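J.: Quick one: the structure is below, and I'll ask about it shortly.
There are 4 protein chains.
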Amino acid sequence: MKPSSPSLRPRKKPVQPRAVETYAWMLEAAAQILESQGIDAFNTNLVAERAGVSIGSLYQYFPGKEALLVALMQREKACMGADAATALAAPDGRAALAHMVGAAVRHQLDRPELARLIDVEETRPGVQQEVENVSNYLGLLRSTLARPDLPPQPDPEAAAADIAALVRLLVDAAGARGETDAQHLERRVLAAILGYLGAPSGIGDR
Amino acid sequence: MKPSSPSLRPRKKPVQPRAVETYAWMLEAAAQILESQGIDAFNTNLVAERAGVSIGSLYQYFPGKEALLVALMQREKACMGADAATALAAPDGRAALAHMVGAAVRHQLDRPELARLIDVEETRPGVQQEVENVSNYLGLLRSTLARPDLPPQPDPEAAAADIAALVRLLVDAAGARGETDAQHLERRVLAAILGYLGAPSGIGDR
Amino acid sequence: MKPSSPSLRPRKKPVQPRAVETYAWMLEAAAQILESQGIDAFNTNLVAERAGVSIGSLYQYFPGKEALLVALMQREKACMGADAATALAAPDGRAALAHMVGAAVRHQLDRPELARLIDVEETRPGVQQEVENVSNYLGLLRSTLARPDLPPQPDPEAAAADIAALVRLLVDAAGARGETDAQHLERRVLAAILGYLGAPSGIGDR
Amino acid sequence: MKPSSPSLRPRKKPVQPRAVETYAWMLEAAAQILESQGIDAFNTNLVAERAGVSIGSLYQYFPGKEALLVALMQREKACMGADAATALAAPDGRAALAHMVGAAVRHQLDRPELARLIDVEETRPGVQQEVENVSNYLGLLRSTLARPDLPPQPDPEAAAADIAALVRLLVDAAGARGETDAQHLERRVLAAILGYLGAPSGIGDR
DNA sequence: AATGAATGAGCCTTCATTCAT
DNA sequence: AATGAATGAAGGCTCATTCAT
């Protein structure tokens, strides 16, 4: 995964139905390889083989290995972001926060290893900016923190970043430990966040 | 970084003074390459060159690339662990916790990129067990959480793991954002932990 | 450009007006790519794209990449050959020679890089025989050398070949150096030829 | 032969005797492949195989395929240049010119196909400047043309370039036609040059 | 006739590791 | 002990060509 010179954007969007299918297969193959064999086994030849397409087809849609990874990240992030975005409809900040945490937790526990690896690879230089705004998680978080029922933060920017990181890592760590109880996990993460924000967290009932 | 069949332990401990120096140079070269060029540029030939030794010599001390990485991780963890261990002398749980967080923060802000990369690579299968007990951070954390002035935890094991993860990620994220104010960061992390633990966090003075 | 098994002749002549146009576009696209990006960038997919046709269409007219190149060469040679052929009408050998050189020079300076590349690629095995007789340059030259006002040559075959080569390279080299003054170039080439032939060359007025 | 980004200079000079041998073998293998199979068959794997070394060894000395080609060109040019340089000792301009032509002819007829291909590939962008000054042929030519027994040239720069081109192409063309008589060829080329220069050429005895 | 998705042989290059000196 | 030349498996990517639609 050295070169990195080729663009990180897909070369072309599939239009014909057959191509749409091919494209989706390639992303899913990439996902499966990542979660079952890890990043070191992630190579374009293997992805193509697993997707049941030729290596040439893969390169018709993606200019390089990393672009494939980015497209997969975006697929995952978009999915999670859509779920999280419904938090805007929540009646108050607490509920919205709960919903956002819930979205992250559900997403993570759906395919834990894949989610964890994507979180890790997201830190690659150049990749981050391609992926970060797909789910507008950070932006949503900032809006939510500004709601009146949550304690005002002296540095809202840092608070949002901290919380995003906090959600991500707690959830990753739980996934890595094999936890599968979304409810329990969600409550703990929410408690940590509320504690961090300085809000009474009702931890007693945990 | 595929063939992880060779052992992850150093082949031999350097005994002669010159060998000790060589050994240290190799680790430091590895560290510098990691922090300046990233994991993708981290290869044995480059490490040897930067260390000013031949590739053959490198393989006299390390059975393979991954063992070199592990040794570096251990060097870093040991250093941080020694600092954290002094928390045992703290008068109460809060102070101990603060000291442990402080140790992590100081270590991270010392060489942020190196620390972040090591945290990431630590999750490699096989690597984790070689490294985790070098600094007894988790163990220390468990003891500290059991101190009487901190709220008792229903699942101390999970709590310790969560907190360790929490410290790591908040601090990594801060390092990645370029934060350099150890005091400020330390306070925020501590607030998150105490919030998580359900303890009044004195956030007011943040 | 390895598999030269397919024929070098176009698959079919375009008959419908639209097809004629398409065919011409493909040749022109090939020409433009050659002159602007060089032989290494010359590939069938790019030519098709630039010509605004599908790769499938290109292969309907040409059995392979090399056939496309040959067709382009023939287009260029035919054009130059027609100009040179009017030398037959010249009153004497000197004038005829001058006209032939002039044709080559004009052609070369019209699209220098294209002409140069074609000269180079013409030496490919198999290609040469397809292209050499399109412009009957060599034949014309032989006839011209036999005219009574030019010195008789002991080996007319070799002389014609030498002169053709001489014209080509001097003109290529001038094109590569960026010369654009056709008159000046023409005079120098003619001087070289007459010198080679052992004829007084009237260099004084050069 | 697309990428061309890697440097065109050898990665390192071989120092150990074994390495010197390896290096020479690689150049010779490259030469043999070029002359027997042409530029399209010239690839690094084949060169390594023919040289009896591994592909890895080839890349220890050359940063890429093109650098190998350049090194070969330099080997050939240097050899010819050394021969041509003795022309400085010639008593007059004519003799010097004759010697320079002789050097080119001898070199060309030694390995005609190799020499021809190198002349062609020399025009690659980036390659030219790496190779052109190895044999100082053009410089020598300029000095020689300035000698008092040769007719003064209005544009010595252009004249030298023309003559260099002329020598090269006549000699290439002869090699391509399979000529092997160096004497005969040399006389014809010299005649052409002297004619071009406007000097009485004694063509009569050709 | 035209399209363009798909193919896959083949080439370039890297880098972990070995071993003769 | 140290050296560094040599190895070769592995993987990224291109592009000429085919063929179902």
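Residue numbers (the working numbering), protein chains in the order written: chain A, -12 to 193; chain B, -12 to 193; chain C, -12 to 193; chain D, -12 to 193.
Cβ coordinates follow ideal geometry from the N, Cα and C atoms, glycine included.
If you're wondering where the values come from, they're calculated on a predicted model, not measured in any experiment.
(1) Taking C-beta to C-beta, are Gly89 (chain C) and Arg134 (chain C) nearer than 8 Å?
(2) Tyr183 (chain D) CB to nearest chain C CB: under 8 Å?
(3) From Gly182 (chain C) to Val57 (chain C), what distance separates their C-alpha atoms?
(4) With a threshold of 8 Å between beta-carbons, can Asp136 (chain A) be considered close to chain B, or not?
(5) In angstroms with no decimal places, state the Cα-to-Cα distance between Ser44 (chain C) and Ala18 (chain C).
(6) Is there a Cβ from chain D that is less than 8 Å from the Cβ of Arg155 (chain C)?
(7) Can you check whether the C-beta of Val107 (chain D) is within less than 8 Å of a C-beta belonging to chain C?
(8) Grab the span of the alpha helix (DSSP H) containing Arg81 (chain B) for me, first residue to last.
(9) May I ask you to report which of helix, strand or coil DSSP gives Asn32 (chain D)?
(10) Ala178 (chain C) versus chain D: which residues are under 8 Å apart at the beta carbon?
(11) Could you give the distance in angstroms between the alpha-carbon of Ile42 (chain B) and the alpha-carbon of Ser41 (chain D)?
(12) Can you name, in chain order, every residue of its own chain whose Cβ lies under 8 Å from the Cβ of Leu101 (chain C), other than the five neighbours on each side?
(13) How big is the Cα-Cα spacing for Lys52 (chain C) and Asn30 (chain C)?
(14) Using only the alpha-carbon positions, how far apart do Val121 (chain C) and Ser(-6) (chain C) sit?
(15) If Leu184 (chain B) sits next to Pro138 (chain B), beta carbons under 8 Å apart, how far is it from one beta carbon to the other, in whole angstroms?
(16) Using a Cβ cut-off of 9 Å, pull out every chain C residue sitting near Arg164 (chain D), in sequence order please.
(17) Under 8 Å: do the segment 145 to 154 of chain B and the segment 156 to 163 of chain A share three or more Cβ pairs, one atom per stretch?
(18) Using the beta-carbon of each residue, which ones in chain C are nearer than 8 Å to Ala152 (chain D)?
(19) Step through the CB atoms of chain B and report whether any lies within less than 8 Å of the CB of Ile175 (chain A).
(20) Keeping to the same chain, check which residues put their C-beta closer than 8 Å to that of Asn32 (chain A); ignore five residues upstream and five downstream.
(21) Out of B:Met87, B:Glu109, B:Asn123, B:Arg103, state which residue places its alpha-carbon closest to the alpha-carbon of Val176 (chain B).
(22) With three or more beta-carbon pairs closer than 8 Å as the criterion, would you say the segment 106 to 113 of chain D touches the segment 164 to 172 of chain D?
(23) Work out the CA separation of Leu156 (chain C) and Thr131 (chain C) for me, nearest whole Å.
(24) Which class does Asp192 (chain C) belong to by DSSP, given the choice of helix, strand or coil?
(25) Can you list the residues of chain B that Thr110 (chain A) reaches, using a CB-CB cut of under 8 Å?
(26) Residues in its own chain within less than 6 Å of His94 (chain A) by CB, not counting five upstream and five downstream?
(27) Which residue wins for smallest C-alpha separation from Val202 (chain A), given the options A:Leu55, A:Tyr10, A:Val2?
(28) Can you give the beta carbon distance from Ala74 (chain A) to Ala83 (chain A), rounded, assuming they're within the 8 Å contact cut?
(29) Once DSSP output is grouped into helix, strand and coil, what is the label at Pro1 (chain D)?
(30) Can you give the Cα-Cα distance for Ala77 (chain A) and Ala85 (chain A), rounded to whole angstroms?
(31) Taking DSSP as the reference, what is the three-state secondary structure of Gln170 (chain C)?
(32) Report the CB separation of Leu125 (chain C) from Glu119 (chain C) in whole angstroms; it is logged as a contact under 8 Å.
(33) By Cβ distance, which residues of its chain are closer than 8 Å to Gln140 (chain C), with the 5 residues on each side in sequence left out?
(34) Please state whether the Cβ-Cβ distance between Pro(-3) (chain C) and Phe49 (chain C) is less than 8 Å.
T.: In short:
(1) The count along the third sequence starts at 1 and reaches residue 89 (chain C) at position 102. The count along the third sequence starts at 1 and reaches residue 134 (chain C) at position 147. No.
(2) Against the fourth sequence, residue 183 (chain D) aligns to sequence position 196. True, the Cβ-Cβ gap to chain C drops below 8 Å.
(3) Taking the third sequence and counting its residues from 1, one reaches residue 182 (chain C) at position 195. Taking the third sequence and counting its residues from 1, one reaches residue 57 (chain C) at position 70. Gly182 (chain C) and Val57 (chain C) have their C-alpha atoms spaced approximately 34 Å apart.
(4) The residue labelled residue 136 (chain A) in the question sits at position 149 within the first sequence. Output row for Asp136 (chain A): interface = no.
(5) Here the question's residue 44 (chain C) lines up with position 57 in the third sequence. Here the question's residue 18 (chain C) lines up with position 31 in the third sequence. Approximately 18 Å between the Cα atoms of the pair.
(6) The residue given as residue 155 (chain C) occupies position 168 in the third sequence. Cβ-Cβ to chain D under 8 Å: yes for Arg155 (chain C).
(7) Working through the fourth sequence from its first residue, we reach residue 107 (chain D) at position 120. At least one chain C Cβ lies under 8 Å of Val107 (chain D).
(8) Residue 81 (chain B) sits at position 94 when you count from the first residue of the second sequence. It spans 80 to 97 - the alpha helix (DSSP H) in which Arg81 (chain B) sits, taken as one unbroken run.
(9) Looking up residue 32 (chain D) in the fourth sequence gives position 45. The answer is helix: DSSP assigns Asn32 (chain D) an H, G or I state.
(10) Here residue 178 (chain C) refers to the residue found at position 191 of the third sequence. Here the neighbours are Gly182, Tyr183, Gly185.
(11) Translated into the one-based positions of the second sequence, residue 42 (chain B) becomes position 55. Translated into the one-based positions of the fourth sequence, residue 41 (chain D) becomes position 54. Looking at the two C-alpha atoms, the distance is approximately 19 Å.
(12) Translated into the one-based positions of the third sequence, residue 101 (chain C) becomes position 114. Excluding residues within five positions, the ones whose Cβ falls inside 8 Å are Ala18, Leu21, Glu22, Glu63.
(13) The count along the third sequence starts at 1 and reaches residue 52 (chain C) at position 65. The count along the third sequence starts at 1 and reaches residue 30 (chain C) at position 43. Those two C-alpha atoms are separated by around 7 Å.
(14) For this step, residue 121 (chain C) is matched to residue 134 along the third sequence. For this step, residue -6 (chain C) is matched to residue 7 along the third sequence. The alpha-carbon atoms of Val121 (chain C) and Ser(-6) (chain C) are separated by roughly 17 Å.
(15) The sequence position of residue 184 (chain B) within the second sequence is 197, counting from 1. The sequence position of residue 138 (chain B) within the second sequence is 151, counting from 1. That belief holds up - the Cβ atoms of Leu184 (chain B) and Pro138 (chain B) are roughly 5 Å apart, short of 8 Å.
(16) One-based indexing of the fourth sequence puts residue 164 (chain D) at position 177. Here the neighbours are Ala145, Ala148.
(17) When C-beta atoms of the segment 145 to 154 of chain B are compared with those of the segment 156 to 163 of chain A, three or more pairs fall below 8 Å, so the two segments count as touching.
(18) The count along the fourth sequence starts at 1 and reaches residue 152 (chain D) at position 165. Under the 8 Å cutoff, chain C gives Leu156, Leu157, Asp159, Ala160.
(19) Counted from its first residue, the first sequence places residue 175 (chain A) at position 188. The identity of residue 175 (chain A) in the sequence shown is Arg, whereas the question assumes Ile. Interface residue, yes.
(20) As a working note, residue 32 (chain A) is residue 45 in the first sequence. Correct list, in chain order: Ile42.
(21) Translated into positions along the second sequence, residue 176 (chain B) becomes position 189. Of the candidates B:Met87, B:Glu109, B:Asn123, B:Arg103, the one whose C-alpha sits nearest the C-alpha of Val176 (chain B) is B:Met87.
(22) no
(23) Against the third sequence, residue 131 (chain C) aligns to sequence position 144. Against the third sequence, residue 156 (chain C) aligns to sequence position 169. Pairing Thr131 (chain C) with Leu156 (chain C), the inter-Cα distance amounts to about 20 Å.
(24) Working through the third sequence from its first residue, we reach residue 192 (chain C) at position 205. For Asp192 (chain C), the predicted structure reports a pLDDT of 37, less than 50, and the residue's modelled location is therefore unreliable. The matter cannot be settled from this model.
(25) Here the question's residue 110 (chain A) lines up with position 123 in the first sequence. Those are Arg103, Val107, Ala163, listed as they occur along chain B.
(26) Counting from one through the first sequence, the residue named residue 94 (chain A) turns up at place 107. Contacts found: Met67.
(27) Residue 202 (chain A) is absent from the model: chain A starts at -12 and stops at 193.
(28) On the first sequence, residue 74 (chain A) is found 87 positions in, with the first residue counted as 1. On the first sequence, residue 83 (chain A) is found 96 positions in, with the first residue counted as 1. Confirmed, about 4 Å.
(29) Taking the first residue of the fourth sequence as position 1, residue 1 (chain D) is located at position 14. Coil.
(30) Numbered from its first residue, the first sequence carries residue 77 (chain A) at position 90. Numbered from its first residue, the first sequence carries residue 85 (chain A) at position 98. If I take the Cα positions, the gap works out to 9 Å.
(31) Numbered from 1 along the third sequence, position 183 holds the residue referred to as residue 170 (chain C). Looking at Gln170 (chain C) - three-state DSSP - the assignment turns out to be helix.
(32) The residue you call residue 125 (chain C) lines up with position 138 of the third sequence. The residue you call residue 119 (chain C) lines up with position 132 of the third sequence. Right, their Cβ atoms sit about 7 Å apart.
(33) Working through the third sequence from its first residue, we reach residue 140 (chain C) at position 153. Correct list, in chain order: Leu132, Ala146, Leu184.
(34) Taking the third sequence and counting its residues from 1, the one referred to as residue -3 (chain C) is at position 10. Taking the third sequence and counting its residues from 1, the one referred to as residue 49 (chain C) is at position 62. Yes, the Cβ-Cβ distance between Pro(-3) (chain C) and Phe49 (chain C) is below 8 Å.
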